[in-house]
Amino acid sequence: MSERRGKTTAGPRHRRRRTALTVGIPLALTAAVTTTYGTGLGVFGEGAGQTASAATTATAAAKATTAATAAAPAWAADTADGFASVNSLGQNGTYGGRGGQTVTVKTLADLEKYATAEEPYVIVVAAAITMNPVGKEIKVKSDKTIVGQGTSGQIVGGGFFLGTGVHNVIIRNLTIRDSYQGIWNDKDHDFDAVQMDGAHHVWIDHNDLRHMADGLIDVRKDSTDVTVSWNKFSDNNKTFGIGWTENLVTDITIHHNWFRETEQRNPSTDNAAHAHLYNNYLQDDPGTTIKSSYGNYSRGSTKMVLENSYFQGMNNPVTKDATATIVQRGNTFSGTSGRNESGGTAFDPKSFYGYTLDKAADVPALLTAGTGPRTTIGTAIGTAGAATTKTTTKAATGAAATALTVAKDGSGQYATVQAAVDAVPANNPSRVVISVKPGTYRETVKVPANKPHVTVQGAGASRKDTVIVFNNAAGTAKPGGGTYGTSGSATVAVEADDFQARNLTINNDFDEARNQGLSGHQAVALRTAADQVLLDGIIVDGDQDTLLLDTAAKDRLGRVYVTNSYVSGNVDFVFGRATAVIDQSVITLKKRWDGTSAGYITAPSTTADRKGILINRSVVNGDVSAGSFFLGRNWHAGGDATLRPQTTVRNSTLSAAVKSTPWSDMGGFSWKNDRFAEYKNTGPGSGAASSDRPQLTDSQATGQEVADWLGTWNPTA
Numbered sequence: 013m014s015e016r017r018g019k020t021t022a023g024p025r026h027r028r029r030r031t032a033l034t035v036g037i038p039l040a041l042t043a044a045v046t047t048t049y050g051t052g053l054g055v056f057g058e059g060a061g062q063t064a065s066a067a068t069t070a071t072a073a074a075k076a077t078t079a080a081t082a083a084a085p086a087w088a089a090d091t092a093d094g095f096a097s098v099n100s101l102g103q104n105g106t107y108g109g110r111g112g113q114t115v116t117v118k119t120l121a122d123l124e125k126y127a128t129a130e131e132p133y134v135i136v137v138a139a140a141i142t143m144n145p146v147g148k149e150i151k152v153k154s155d156k157t158i159v160g161q162g163t164s165g166q167i168v169g170g171g172f173f174l175g176t177g178v179h180n181v182i183i184r185n186l187t188i189r190d191s192y193q194g195i196w197n198d199k200d201h202d203f204d205a206v207q208m209d210g211a212h213h214v215w216i217d218h219n220d221l222r223h224m225a226d227g228l229i230d231v232r233k234d235s236t237d238v239t240v241s242w243n244k245f246s247d248n249n250k251t252f253g254i255g256w257t258e259n260l261v262t263d264i265t266i267h268h269n270w271f272r273e274t275e276q277r278n279p280s281t282d283n284a285a286h287a288h289l290y291n292n293y294l295q296d297d298p299g300t301t302i303k304s305s306y307g308n309y310s311r312g313s314t315k316m317v318l319e320n321s322y323f324q325g326m327n328n329p330v331t332k333d334a335t336a337t338i339v340q341r342g343n344t345f346s347g348t349s350g351r352n353e354s355g356g357t358a359f360d361p362k363s364f365y366g367y368t369l370d371k372a373a374d375v376p377a378l379l380t381a382g383t384g385p386r387t388t389i390g391t392a393i394g395t396a397g398a399a400t401t402k403t404t405t406k407a408a409t410g411a412a413a414t415a416l417t418v419a420k421d422g423s424g425q426y427a428t429v430q431a432a433v434d435a436v437p438a439n440n441p442s443r444v445v446i447s448v449k450p451g452t453y454r455e456t457v458k459v460p461a462n463k464p465h466v467t468v469q470g471a472g473a474s475r476k477d478t479v480i481v482f483n484n485a486a487g488t489a490k491p492g493g494g495t496y497g498t499s500g501s502a503t504v505a506v507e508a509d510d511f512q513a514r515n516l517t518i519n520n521d522f523d524e525a526r527n528q529g530l531s532g533h534q535a536v537a538l539r540t541a542a543d544q545v546l547l548d549g550i551i552v553d554g555d556q557d558t559l560l561l562d563t564a565a566k567d568r569l570g571r572v573y574v575t576n577s578y579v580s581g582n583v584d585f586v587f588g589r590a591t592a593v594i595d596q597s598v599i600t601l602k603k604r605w606d607g608t609s610a611g612y613i614t615a616p617s618t619t620a621d622r623k624g625i626l627i628n629r630s631v632v633n634g635d636v637s638a639g640s641f642f643l644g645r646n647w648h649a650g651g652d653a654t655l656r657p658q659t660t661v662r663n664s665t666l667s668a669a670v671k672s673t674p675w676s677d678m679g680g681f682s683w684k685n686d687r688f689a690e691y692k693n694t695g696p697g698s699g700a701a702s703s704d705r706p707q708l709t710d711s712q713a714t715g716q717e718v719a720d721w722l723g724t725w726n727p728t729a
């Protein structure tokens, strides 16, 4: 792409405050979009049904209940991490209904039929199912995966019960809500979202649990080998109880969960042999309806390890009985009060399973963007969990995928990523998965237009483990003469349709400070110039012009879906003419090379007949000065007055770094003549509607959702 624009230098229990409860999902995740939970994402879970995007929700909802006879979708091969992954009690890990039939249900009768069956099933919940009577808990049998299809998978007015001996159960991507009977400290209605009495090997992952009469999760009566991860708990009293037994049996992992406006049991852990809590976010905002009594509580003879969690505004954030132990490491406490206790010796979680910690400071942004049901599934925001190499993924043609391996140490088929790309046959008809083992690969990679259906996927436990990096800039001299230019500076360049990148980092580490004499500091980490590009669970890191989302030609459609990912930079670092969605991701603002704070997030160059850039349900943050960054500016590439650049930022959390007048002119063109708007953003950087800050009406917003951007394309594994 040609050069454009000038460089910018730019103790006692507390009483609840009110009796009325507000039902809903907090903060940036309040808006329920009609996208569908789909593609495989490692620890985020994997999509439901046929792993579709927003574009097919209505179609999927119209289908009748089906019992699939084909192999289960790729995400059904996911297995749990934490204690649910251990080999014990005759069960080696937790994989749910993998290997059983896949069924899609929309009625209570069908859900109960398959959940209580003796055979293994993968049960896709594709509608809001109301329990009858209120408080009903379906008695789930062993070897089941129950997973929601997008935000449509909901259990209303009841939940699930796992009895003695029930094992190997996965509950994922569901909203379970609203059995509340109007009594806050309800003693008469034991209506839980998930209750287990004597169960083992259970994984509860990426659910939205709220507003129940009793517990959101109760792990009772010697239940063990349980992992609870990436869930959102809100609007509840007795939130998460563990124990109710004299026996020291329960082993439980609780990681990357967001507790917001929950009064007590966050969790309360009684007589657990091993309780490992890490990277959780406990939040009690002032002036809201619910006041926390306490946060993490170690009771009885519990041995608890509590690591890198973030406590905001909580009363009594960490408490313990005299007989219990808590080992604290790396936690952050902001605006908390009351008891914060530790003491005794516990255990080493890594003697049971491997895991990787996120920094406590990153936890609020990670979890506000990453918890709860997913529209697409992939490697978690953060570093926890292992991403599984998919050797049986399906391409658009339905053929089985081919797997190639890359490893720096010689243990793979190829030593570089580019060598593996080169090995893909021209015009390959089905998916090729290039699995890249952990390591830093200093190279440039190009996927040419004649090699579609390629997935480049990191094989490490974290997206940080596999890094593709180079340091070309626009002004860098090419070996054969001339300079690379902006588009040519990309570390990874994708020109092939139906490309996917997962569970890795793509970086351009060009050093501006050391290259001030160089003309052209634009330095692209990732360039896409293709249609149907899925970037799932990745990090894209740079400074100026980090992520170039382009099309193969001005008259060609180029759709890109970025989800569960991080994008960082400072000047125009998401730019181009593609029809692009950044969904449920973290956008991190960085200071300039000289330490100043100034910049622009987006620079769309959209043609008049296309959609531009949509930032949806994401978090904008970064260690930069307040009021120093624009959300975007209008790039009329080459001075083309026929373009109509577009950026919409909706249902996202904006830090104070965002300017109160968040849009800017560029190249002599007024942004007000193009398409820039917001809708229902929150956070200190959000603002009311004005002539300098357009806001969509509710009616307008219905035409600017993910489905409107992706059209007939379903991003799939």
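505 is the number that the numbering used here gives to position 493 of the sequence shown; each next residue is one higher, with no gaps. In this text, a Cβ means the ideal position worked out from N, Cα and C, and glycines have one as well.
Option in the options with minimal Cα separation from residue i
{"i": "N283", "options": "G175, T337 and D296", "result": "T337"}
{"i": "I627", "options": "D200, D370 and E717", "result": "E717"}
{"i": "V459", "options": "V504, Q556, D333 and R272", "result": "V504"}
{"i": "D198", "options": "I216, R184, A225 and D209", "result": "A225"}
{"i": "N663", "options": "M678, G697 and A669", "result": "G697"}
{"i": "R222", "options": "D237, Y192, A139 and W242", "result": "Y192"}
{"i": "F108", "options": "A565, T157, D90 and V115", "result": "Looking at the sequence provided, one finds Gly at residue 108 rather than Phe. Ranking A565, T157, D90 and V115 by Cα distance to G108 puts T157 first."}
{"i": "Y322", "options": "F271, K315 and T608", "result": "F271"}
{"i": "S609", "options": "P616, L601 and W242", "result": "L601"}
{"i": "D220", "options": "G162, H212 and T176", "result": "G162"}
{"i": "D237", "options": "N352, T106, S667 and D606", "result": "T106"}
{"i": "D555", "options": "I264, N483, T665 and T187", "result": "N483"}
{"i": "G624", "options": "T660, T575 and V579", "result": "T660"}
{"i": "R526", "options": "A537, A700, T488 and D543", "result": "T488"}
{"i": "Y453", "options": "I302, L516, G493 and N440", "result": "L516"}
{"i": "V146", "options": "V117, D200 and F522", "result": "D200"}
{"i": "V429", "options": "D509, G715 and A513", "result": "A513"}
{"i": "I446", "options": "N439, A432, N440 and T456", "result": "A432"}
{"i": "N440", "options": "I480, G588 and D509", "result": "D509"}
{"i": "T265", "options": "G639, E524, L722 and D93", "result": "D93"}
{"i": "G679", "options": "P657, W647, A668 and N685", "result": "W647"}
Cβ-based neighbour list, residue i, same chain, cut-off 6 Å, excluding 5 preceding and 5 following
{"i": "V444", "result": "T414, V436 and V466"}
{"i": "G472", "result": "P450 and T478"}
{"i": "Y573", "result": "L546, V593 and P727"}
{"i": "H212", "result": "L101, H179, T236 and D237"}
{"i": "D333", "result": "R311"}
{"i": "F642", "result": "Y612, K671, P674 and S676"}
{"i": "S501", "result": "N484, A485, A486, A535 and V536"}
{"i": "T274", "result": "F245, N248 and T251"}
{"i": "I182", "result": "G108, T157 and W215"}
{"i": "L538", "result": "V504, I518, V552 and L559"}
{"i": "W721", "result": "T591, V593, K623 and L626"}
Contact belief for residue i with residue j at Cβ below 8 Å, rounded distance in angstroms
{"i": "Q340", "j": "L369", "result": "Actually they are not in contact, since the Cβ atoms of Q340 and L369 sit about 13 Å apart, beyond 8 Å."}
{"i": "I195", "j": "V168", "result": "Going by Cβ atoms, the distance from I195 to V168 rounds to 19 Å, so no, they are not a contact pair."}
{"i": "Y306", "j": "N328", "result": "4 Å"}
{"i": "G549", "j": "S577", "result": "6 Å"}
{"i": "A615", "j": "G570", "result": "Not really, about 16 Å apart at Cβ, beyond 8 Å."}
{"i": "A620", "j": "T575", "result": "The pair is not a contact, with the Cβ atoms about 27 Å apart (cut-off 8 Å)."}
Cut-off 7 Å between Cβ atoms - residues of its own chain near residue i, not counting five sequence neighbours on either side
{"i": "G424", "result": "T417, V418 and K449"}
{"i": "G111", "result": "P132"}
{"i": "L39", "result": "Caution is warranted here: a pLDDT of 24 is assigned to L39, below 50, making its placement in the model unreliable, and the coordinate value is therefore given only provisionally. Cβ within range, chain order: T380, T665 and T694."}
{"i": "T495", "result": "A486, G487, T488, A489 and G532"}
Cβ-based neighbour list, residue i, same chain, cut-off 8 Å, excluding 5 preceding and 5 following
{"i": "T456", "result": "Q430, F482, N484, A502, T503, V504 and A505"}
{"i": "F95", "result": "T236, D237, V238, T239, D263, I264, T265, H286, H288, F364 and Y365"}
Are at least three pairs of beta-carbons, each pair with one atom in the stretch 351-364 and one in the stretch 373-385, less than 8 Å apart?
-> no
Any contact of the stretch 113-133 with the stretch 151-159, i.e. 3+ C-beta pairs under 8 Å?
-> yes
Secondary structure, beta strand (DSSP E): runs of 3+ residues fully inside the stretch 416-503 | 444-448, 451-454, 457-459, 466-470 and 478-482
How do the stretch 674-681 and the stretch 627-637 stand: do at least 3 beta-carbon pairs fall below 8 Å, yes or no?
-> No: fewer than three Cβ pairs fall under 8 Å.
With a floor of 3 residues, list each beta strand (DSSP E) that falls wholly inside the stretch 273-335, ordered by position along the chain.
-> 280-282, 284-290, 293-295, 308-311, 315-319, 322-324 and 330-332
Say whether the stretch 298-305 touches the stretch 261-269, bearing in mind that this needs 3 or more beta-carbon pairs closer than 8 Å, one atom from each stretch.
-> no
Which runs of the beta strand (DSSP E) fall wholly inside the stretch 637-668 and span at least 3 residues, in chain order?
-> The stretch 637-668 contains, as complete beta strand (DSSP E) runs of 3+ residues, the segments 641-645 and 658-662 (chain order).
When the Cβ atoms of the stretch 558-574 are set against those of the stretch 344-362, are three or more pairs found closer than 8 Å?
-> no
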